[in-house]
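Have a look at the structure below before the remarks.
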Amino acid sequence: MNNIRNFCIIAHIDHGKSTLADRILEITGLIRKASMEQMLDSMDLERERGITIKAKSVRIPYKSAGGQEFILNLIDTPGHVDFNYEVSRSLNACEGAVLLVDASQGVEAQTIANANLALDAGLKIIPVINKIDLPNAMVDDCSLQLYSMLGLHIEDILHVSAKDGTGVLELLEAIVDRIPPPQGSASDPLKCLIFDSFYDAYRGVIPHLRVFTGMLKAGDKIMVKSTEKVFEVEEVGHFSLGLAQAAILSAGDVGYAVALIRDAGEIHVGDTVISADHPEVQAIPGFRMSQPMVYCGVYPIITSDYARLGAALEKFKLNDSSITFEKETSAALGYGYRMGFLGLLHMEIALERLKREYEQDIIATMPSVIYKVVTKNGEIQMLDNPSKFPPEGQIDHIEEPMIRARVIVPTGFVGPCMELAEAKRGSMVGIEHPDDKRATLVYDLPLAEMITDFYDRLKSVSRGYASMDYEMNGYRSADLVKVDILVNNSAVDALSYISPKEGASIRGRALIYKLSKVIPRHQFKIPLQAAIGSQVIARADIFPMRKDVIAKCYGGDITRKRKLLEKQKEGKKKMKMVGFVEVPQEAFLSLMKIEE
Amino acid sequence: MPGLYIHIPFCISKCRYCDFYSLAGNDDLIDRYVSAVVRESEKYDGMSFETLYIGGGTPSLLGARRLARLMEGLHSHLGFDRLVEATIEANPESADGDFLKTVWSMGFNRISVGVQSLDDDELKKSGRVHSSAQALKAIDFAFKCGIDNVSADIIIGLPGQTRESLDNTLRKLGGMALTHISVYCLSIEEGTAFAACPPGYLPDDEFQALMYGYVSGLLKGHGFIHYEISNFALPSKECLHNLNYWRGGEYIGLGPSAASHVDGRRWKNASNLKAYIDDPAIAGFDEDIVDAETRMAEEAMLRLRLLEEGLDIAQLTRRYGFRESTGLEERLKNLAGQKMLVKRGKKYRLAPGSVLTSSRVFVDVIN
Chain A
149 MNNIRNFCII AHIDHGKSTL ADRILEITGL IRKASMEQML DSMDLERERG
199 ITIKAKSVRI PYKSAGGQEF ILNLIDTPGH VDFNYEVSRS LNACEGAVLL
249 VDASQGVEAQ TIANANLALD AGLKIIPVIN KIDLPNAMVD DCSLQLYSML
299 GLHIEDILHV SAKDGTGVLE LLEAIVDRIP PPQGSASDPL KCLIFDSFYD
349 AYRGVIPHLR VFTGMLKAGD KIMVKSTEKV FEVEEVGHFS LGLAQAAILS
399 AGDVGYAVAL IRDAGEIHVG DTVISADHPE VQAIPGFRMS QPMVYCGVYP
449 IITSDYARLG AALEKFKLND SSITFEKETS AALGYGYRMG FLGLLHMEIA
499 LERLKREYEQ DIIATMPSVI YKVVTKNGEI QMLDNPSKFP PEGQIDHIEE
549 PMIRARVIVP TGFVGPCMEL AEAKRGSMVG IEHPDDKRAT LVYDLPLAEM
599 ITDFYDRLKS VSRGYASMDY EMNGYRSADL VKVDILVNNS AVDALSYISP
649 KEGASIRGRA LIYKLSKVIP RHQFKIPLQA AIGSQVIARA DIFPMRKDVI
699 AKCYGGDITR KRKLLEKQKE GKKKMKMVGF VEVPQEAFLS LMKIEE
Chain B
35 MPGLYIHIPF CISKCRYCDF YSLAGNDDLI DRYVSAVVRE SEKYDGMSFE
85 TLYIGGGTPS LLGARRLARL MEGLHSHLGF DRLVEATIEA NPESADGDFL
135 KTVWSMGFNR ISVGVQSLDD DELKKSGRVH SSAQALKAID FAFKCGIDNV
185 SADIIIGLPG QTRESLDNTL RKLGGMALTH ISVYCLSIEE GTAFAACPPG
235 YLPDDEFQAL MYGYVSGLLK GHGFIHYEIS NFALPSKECL HNLNYWRGGE
285 YIGLGPSAAS HVDGRRWKNA SNLKAYIDDP AIAGFDEDIV DAETRMAEEA
335 MLRLRLLEEG LDIAQLTRRY GFRESTGLEE RLKNLAGQKM LVKRGKKYRL
385 APGSVLTSSR VFVDVIN
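Taken in sequence, the protein lines are chains A and B.
Residues in the first sequence are numbered consecutively from 149, following our numbering.
Residues in the second sequence are numbered consecutively from 35, following our numbering.
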């Protein structure tokens with residue numbers, strides 16, 4: 149066990165985590181150069197967005213400068229704030245963390261958030277400044293930031309270029325020298341942490357495990373602590389570039405277990421796996437079921453695809469157990485599902501995967517947070533769907549979920565960022581100046597503002613320099629109203645949204661204007677209205693389409709005319725019929741990106 | 035076999051809005067082309083037709099001598115004993131007295147003149163190679179040669195067109211004893227000169243819609259029947275050949291790009307003049323194979339173009355051999371519910387307000 153090192157790499161997005169992982173695999177000889185770009189990010193979407201969605205791990209044999217053989221288990225972590233809990237579980241599977249900072253960018257909000265998670269988990273941190281090959285690398289500034297913002301010692305900081313390999317060997321040496329080997333005895337009863345899982349169509353859910361004590365082999369009976377369900381292990385193994393079967397996993401090891409677990413709902417990240425023979429073994433603290441924070445309605449464009457969508461969601465859930473879904477009906481959209489996500493990014497990725505990988509033509513409604521609605525008779529309702537709100541007269545008050553956001557920004561952009569935060573109903577908690585170039589703004593903000601366009605706007609007012617991280621921070625009472633949207637004089641429940649009372653009509657007007665641009669002209673005039681109760685706060689009309697005709701229909705080439713119409717019909721299929729009005733997909737998300 | 039269409043893919047120059055298959059500046063090929071059409075007609079040896087329509091392109095570019103040779107050649111293979119209507123299209127610049135006399139003597143009883151506008155500025159901007167005076171003269175000639183069934187095409191929405199200029203065109207045409215007028219709304223089609231280089235002063239859809247309503251009212255006031263989306267005729271002067279298309283009838287098309295419809299099959303000759311001249315039998319064609327339900331919906335879409343006649347869905351369903359009501363009938367009901375179609379008695383018709391947006395209706399009619 150003394151030759152095992154379990155570690156992860158933590159970094160702000162785009163600071164080079166995947167490139168460093170690739171270089172480590174290459175230098176240790178596990179993969180040949182360029183045999184596969186960025187090994188660890190294998191989902192297409194991850195590559196497009198440059199982020200890691202699902203954590204993955206790899207076991208790396210390494211012979212140190214001193215000639216000693218080591219096993220390095222690199223545990224990949226998701227790199228986005230939506231996946232904070234998953235990150236903390238991955239960290240718990242390690243004894244050390246490589247904290248990566250882009251030399252041209254410096255310490256960013258997620259650097260701090262992840263570093264704090266690692267410190268909380270008691271990990272040994274190896275600070276690394278990456279991209280030192282860049283002409284605009286500011287190695288000294290970064291060192292000072294690591295010291296002043298995180299209290300890390302400057303003499304401990306390594307300088308690396310993951311791109312050209314400079315300093316990577318030194319980093320590997322630091323990993324074996326500085327990170328302690330795992331503790332825990334193989335002769336004690338089994339105790340493992342589930343830090344990830346994936347679904348295999350033939351072998352079921354395969355949990356990724358960090359063994360803390362005891363041993364695990366094929367034939368053992370294991371128990372999942374939170375559910376007390378027992379499974380028989382069929383196979384155990386390590387993560388090489390694929391799964392590598394092994395005879396045994398013992399204390400200190402990282403690996404997988406195949407145990408014919410059919411239901412992804414049985415395996416949750418953070419849960420503890422023990423031996424069925426020793427049910428008395430305590431769970432590893434910190435486990436919680438991942439909680440969706442953001443919800444939206446998901447409906448098939450073609451009503452009859454409802455069953456197909458349900459089947460796709462079942463399958464999807466096997467792959468990503470952090471989504472939730474339940475049946476929902478909408479007067480406007482028919483039968484569909486209410487889906488829950490960890491955050492906005494998670495939602496965007498999940499919906500995109502539903503479309504691409506599961507080939508579903510769907511309409512997604514505006515994302516919503518969970519509101520706490522207190523009625524006049526004292527009842528508390530937790531509502532994730534504006535259309536389920538009780539009539540205004542019955543509501544005593546509404547509370548909304550809050551976040552505490554930490555924004556790191558160059559001092560020149562502090563003004564615009566503060567203006568934005570205040571426009572988004574934020575209240576300042578504090579401002580820090582870790583050095584003379586940057587400021588850290590701490591704000592309490594409604595989560596609802598976060599999931600619309602706060603992050604995009606923050607990037608835009610700071611010309612891309614601001615970075616942000618947040619954590620949930622309870623509920624706060626707010627003056628909110630439900631706004632209904634009427635299309636062609638009937639309320640479309642799927643377009644209803646919750647808005648702060650102040651400025652509701654400005655937002656309403658902006659939304660109506662936007663809808664009037666995305667809903668195509670029809671044969672008849674379509675009035676659009678935004679209303680609070682019976683009070684109309686905004687209105688616009690879509691004027692009728694005047695001409696859409698195949699004037700010259702002879703010469704006998706009927707086929708061509710039919711094909712033109714079929715093409716037109718294809719376009720129409722991308723729209724959802726709401727009453728007699730065809731509403732395109734983007735209309736349902738219009739509210740998210742309104743220019744104010 | 036009711037209809038025979040012959041395509042003449044030659045023009046003096048290409049109009050800027052035209053997306054029909056025709057080539058300018060290939061006059062030297064016309065003689066060989068006539069021979070090729072006759073050769074293609076051999077394939078249909080013994081068939082006999084009730085209507086004949088020679089369109090283009092510019093059929094009047096054939097001239098008297100070649101038209102005579104074409105007709106003689108066709109007569110040696112095809113039957114015209116039952117012919118009730120024979121139309122030829124003529125463009126003002128090439129419809130001279132000589133040609134029109136031959137037309138009459140060959141048995142043509144209907145002429146369609148490509149007038150488009152009687153405003154010289156509009157004609158020029160659209161790439162037409164004739165003047166308004168030539169157009170009026172061609173119509174006059176046709177009547178003088180003894181052809182009493184004369185149609186004119188006009189276009190709404192030409193560059194530079196105004197309500198006044200359109201009114202002027204209509205007033206001049208009103209004095210010409212026309213029996214039939216086709217009124218098209220200009221649309222910019224892919225691959226045309228207008229698409230490549232959009233003209234300035236192009237009237238918008240709103241103008242077209244207003245003018246369309248205005249022209250329709252005006253012609254109806256003069257006894258014309260608005261019998262198809264783009265066509266107006268005095269009673270019993272509807273174009274029988276075109277009616278056959280819109281009623282889902284059968285026809286043979288000769289020439290490159292010409293379409294045929296026989297026994298539920300639709301095919302279209304390749305749009306390749308040179309290959310066709312070399313050998314019509316190997317120039318190729320595209321066939322569109324679709325199921326009965328699609329064909330039925332297609333016919334429904336065509337019949338709905340007939341604003342007066344409309345569509346008898348029960349009859350159509352029976353004719354295609356469906357016993358129960360089909361998805362098509364459901365779709366029609368829905369459209370009637372949305373007031374885009376009107377159902378009176380057994381028949382569905384386009385609602386007056388939906389004529390100019392009929393593509394939106396037909397999108398829901400087709401399968």
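No residue lacks a Cβ here, since even glycine has one placed at the ideal position from N, Cα and C.
According to the DSSP assignment, Pro564 (chain A) belongs to no beta strand (DSSP E) but to the alpha helix (DSSP H) extending over Val562 to Ala571. Listed along chain A, the residues sitting closer than 7 Å to Asp322 (chain B) by beta-carbon distance are Thr707. In terms of Cα proximity to Leu531 (chain A), the closest of A:Asp583, A:Pro427, A:Val517 and A:Ile157 is A:Val517. The bridge partners DSSP lists for Arg586 (chain A) are A:Pro558. Taking CB atoms only, Gln349 (chain B) has no neighbour in chain A less than 8 Å away. It is roughly 13 Å from the alpha-carbon of Pro337 (chain A) to the alpha-carbon of Lys365 (chain A). Among the CB atoms of chain A, none fall inside 8 Å of the CB of Cys231 (chain B). Between Asp65 (chain B) and Pro93 (chain B), the alpha-carbon positions lie close to 13 Å from each other. Leu204 (chain B): member of the alpha helix (DSSP H) spanning Arg197 to Gly208, first to last residue. What Asp696 (chain A) touches in chain B, judged by beta-carbon distance under 8 Å, is Leu390, Thr391, Ser392, Ser393 and Arg394, going in chain order. With a cutoff of 8 Å on beta-carbon distance, Ser75 (chain B) and Leu101 (chain B) are scored as not near each other. Secondary structure note for Thr328 (chain B): its alpha helix (DSSP H) is the uninterrupted segment Ala326 to Arg337. Leu676 (chain A) is positioned such that its CB atom lies closer than 8 Å to that of Arg687 (chain A). A Cβ-Cβ distance of about 47 Å is found for the pair Ile263 (chain B) and Ala652 (chain A), leaving them out of contact under the 8 Å criterion.
For Ile674 (chain A), the closest alpha carbon among the candidates A:Ile680, A:Leu663 and A:Gly681 is that of A:Leu663. Under the criterion of beta carbons closer than 8 Å, Thr391 (chain B) and Asp696 (chain A) qualify as touching, at roughly 5 Å. Going by C-alpha positions, Asp289 (chain A) is about 24 Å away from Leu320 (chain A). The three-state reading of DSSP puts Ser294 (chain B) in strand, counting E and B together. Three or more Cβ pairs drawn from the region 600-619 of chain A and the region 556-563 of chain A lie within less than 8 Å of each other, which places the two stretches in contact. Interface with chain A (8 Å Cβ-Cβ cutoff): Ala326 (chain B) is excluded. Remark: three or more beta-carbon pairs, one from each stretch, lie closer than 8 Å, so the region 444-454 of chain A and the region 476-489 of chain A are flagged as touching. DSSP links His214 (chain B) through a beta bridge to B:Ser185 and B:Ala267.
The beta carbons of Thr420 (chain A) and Leu341 (chain A) sit closer together than 8 Å. Under the three-state reduction of DSSP output, Ala553 (chain A) falls in the strand class. The region 638-654 of chain A makes contact with the region 527-541 of chain A, as at least three CB pairs between them are under 8 Å. For Ala688 (chain A), there is no enclosing alpha helix (DSSP H); the enclosing beta strand (DSSP E) covers residues Gln683 to Ile690. Ile511 (chain A) is positioned such that its CB atom lies no closer than 8 Å to that of Phe728 (chain A). Interface with chain A (8 Å Cβ-Cβ cutoff): Leu362 (chain B) is excluded. DSSP links Pro448 (chain A) through a beta bridge to A:Ile510. The beta-carbon of Gly704 (chain A) is placed less than 8 Å from the nearest beta-carbon of chain B.
Taking 8 Å as the upper bound for CB-CB distance, Thr375 (chain A) and Gly332 (chain A) are not in contact here, some 24 Å apart. Between Gln293 (chain A) and chain B, the shortest Cβ-Cβ separation is not below 8 Å.
Ranking A:Lys369, A:Asn264 and A:Leu220 by CA distance to the CA of Pro427 (chain A) puts A:Lys369 first.
Shown here for Val249 (chain B): same chain residues with a beta carbon closer than 6 Å to its own, the five before and five after excluded, namely Val217 in chain order. With a threshold of 8 Å between beta carbons, Met725 (chain A) makes no contact with chain B.
About 7 Å separates the beta carbons of Ile280 (chain A) and Thr314 (chain A), which is inside the 8 Å limit, making them a contact pair.
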